[in-house]
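Peer 1:
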Amino acid sequence: MLRIAMLGAGRVGQVHARSVVAHPEAELALVVDPIEAAATSLAATHGTRWSLDPQDAFEDASIDAVIIGTPTNTHTEMLARAVDAGKKVLLEKPIDLDLARIDDVWARIQAKAPFVMLGFNRRFDPSFREVKERVQQGEIGMVRALRITSRDPQPPPAAYLSASGGMFKDMTIHDFDMARFQVGDMVEVSAVASDNGLDAFREANDHAQAIITMRAVSGALVTIVDSRSCAYGYDQRLEAFGDLGSLEVGNWTATSVRSASATRTEAAGPLLNFFLERYLPAFQNELDEFVQAIKADRAPAVGFADGRAALVLAEAANESVATGRVVKVG
Ligand SMILES: NC(=O)c1ccc[n+]([C@@H]2O[C@H](COP(=O)([O-])OP(=O)(O)OC[C@H]3O[C@@H](n4cnc5c(N)ncnc54)[C@H](O)[C@@H]3O)[C@@H](O)[C@H]2O)c1
1073 MLRIAMLGAG RVGQVHARSV VAHPEAELAL VVDPIEAAAT SLAATHGTRW
1123 SLDPQDAFED ASIDAVIIGT PTNTHTEMLA RAVDAGKKVL LEKPIDLDLA
1173 RIDDVWARIQ AKAPFVMLGF NRRFDPSFRE VKERVQQGEI GMVRALRITS
1223 RDPQPPPAAY LSASGGMFKD MTIHDFDMAR FQVGDMVEVS AVASDNGLDA
1273 FREANDHAQA IITMRAVSGA LVTIVDSRSC AYGYDQRLEA FGDLGSLEVG
1323 NWTATSVRSA SATRTEAAGP LLNFFLERYL PAFQNELDEF VQAIKADRAP
1373 AVGFADGRAA LVLAEAANES VATGRVVKVG
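Using my numbering, read the sequence shown as starting at 1073 and increasing by one per residue.
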């Protein structure tokens, strides 16, 4: 049994805690959150211990691993302390909002050859994985274009926006990673963005929607279409287009029932609400990779370098929006 402490009992902490409890080879040993109501509530849900102080997880020799689901501005400190304490780490995205701080924390921990898995859960979505595997098997030949659509159902609260680091580092970071997962590293990035004339985004100096184009080392062209709101729900699609055909991942609805009437055909129910529902299997598979990689004493399928590479692309997209230029990376 891998004994895991959950650091942060907020939105993502609740998702991870469920995956840990559901995993036959993992045990939720401790929940940590400085907000007592959050810590006690999540601990009570799963019948485990709780604490207000992460030090209790780091000092507990019976705890093998920690999942860091605390706010982004605490990640590097939590990571360094966890590695110093000899814990294996699953770290939520993004590592940090600042490349220099990312490099500083790596310089501090790298001599310990730490086990750090990055929380890019979408890599473990069965459909996105299948696209990658079928591309590798040659089914569609050389991938020439990759299109990723990611639209949230509604914007986050203004307070979240102002601390989020901006759309590219907070939200599009998943799509930058998905692009690298599917077609490898990038050589150039360009982006256009709009606040849609909304005060909340203008005041946070952030975007309501954006379109990013990238060129991969492989020559593949990538388009990412992102929006912070979407009238019809959580829109998550992907298409790989190659010389011999295409592979496409569509949206998910709760069931596959389709209706027809005088006014519409092929009508489906609403899309699954948000990331918890749409990516539930991905979060569970991610946790399984964490457990299996630790058991096998091998590197995880997605690591610290992937977290850094995604942030480099986010910074390039910010630069492109600011300058109106194509930005070279890598
Ligand atoms: N992979 C994904 O799809 C995904 C989804 C949501 C959030 N995230 C990431 O997860 C992180 C948390 O986001 P969230 O939406 O769950 O935030 P949240 O605000 O809902 O929860 C964060 C929790 O951490 C607690 N916390 C603060 N400091 C702490 C500390 N020192 N030790 C322990 N707990 C502490 C807070 O009290 C809060 O309860 C962010 O980095 C975010 O980018 C990832």
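Here a beta-carbon is modelled for each residue, glycine too, at the ideal position from N, C-alpha and C.
#1: Check the DSSP bridge columns for D1136 and list the partner residues they point to.
#2: Is any non-hydrogen atom of ligand 1 found closer than 7 Å to the C-beta of E1202, if you look at the structure I gave you?
#3: Would the beta-carbon of V1289 fall within 8 Å of that of G1256?
#4: Here's the rule I'm using: 16 or more other beta-carbon atoms within 10 Å means buried, otherwise exposed. How should K1160 be labelled?
#5: Enumerate, from N- to C-terminal direction, the unbroken beta strand (DSSP E) stretches of 3 or more residues contained entirely within the stretch 1314 to 1402.
#6: Is any heavy atom of ligand 1 found at a distance shorter than 7 Å from the C-beta of F1347?
#7: Under 7 Å from any heavy atom of ligand 1, does the C-beta of P1225 make it?
#8: According to DSSP, is M1250 part of a helix, a strand, or is it coil?
#9: Along the chain, which unbroken stretches of the alpha helix (DSSP H) at least 4 residues long are found entirely within the stretch 1246 to 1307?
#10: Under 7 Å from any heavy atom of ligand 1, by CB: list those residues in chain order, please.
#11: Beta-carbon separation of F1405 and E1358 under 8 Å?
#12: What is the rounded straight-line gap between the Cα of S1299 and the Cα of M1239?
#13: What would DSSP say about A1217, mapped onto helix, strand or coil?
#14: Measure from the alpha carbon of V1177 to the alpha carbon of each residue in V1203, E1149 and A1185, then state which is nearest.
#15: Tell me V1188's beta-bridge partners as DSSP assigns them.
#16: Counting beta carbon pairs with one atom in the stretch 1237 to 1251 and one in the stretch 1318 to 1337, are three or more of them shorter than 8 Å?
#17: With distances taken Cα to Cα, identify the nearest neighbour of D1224 among R1350, D1378 and M1078.
#18: For the stretch 1181 to 1192 against the stretch 1335 to 1346, do three or more pairs of beta-carbon atoms, one drawn from each stretch, fall closer than 8 Å, so that the two count as touching?
#19: State the Cα-Cα distance for the pair G1191 and R1287, rounded to the nearest angstrom.
#20: On a Cα-Cα basis, can you pick out the residue from A1110, K1165, H1095 and Q1254 that is closest to F1293?
#21: Which residue from I1212, P1353, R1397 and I1296 puts its Cα closest to that of L1316?
#22: How is I1076 classed by DSSP in three states: helix, strand or coil?
#23: To the nearest angstrom, how far is it from the Cα of H1095 to the Cα of Y1304?
#24: For the putative contact between L1169 and V1188, defined by C-beta atoms under 8 Å, what is the C-beta separation to the nearest angstrom?
#25: Are the Cβ atoms of M1073 and V1104 separated by less than 8 Å?
Peer 2: Here's the rundown:
#1: BP columns for D1136 are empty, so no partner.
#2: no
#3: yes
#4: buried
#5: 1317 to 1321
#6: yes
#7: no
#8: helix
#9: 1271 to 1275
#10: L1079, G1080, A1081, G1082, R1083, V1084, G1085, V1104, D1105, P1106, I1107, A1110, P1126, G1141, T1142, P1143, T1144, T1146, H1147, M1150, E1164, K1165, P1166, G1191, N1193, D1242, H1246, F1347 and Y1351
#11: The structure shown has nothing for residue 1405, since the chain only spans 1073 to 1402.
#12: 9 Å
#13: strand
#14: E1149
#15: V1161
#16: no
#17: R1350
#18: no
#19: 25 Å
#20: Residue identity check: residue 1293 is Leu in the sequence provided, not Phe. Per the Cα distances, Q1254.
#21: I1212
#22: strand
#23: 33 Å
#24: Not confirmed; about 18 Å, so no contact.
#25: no
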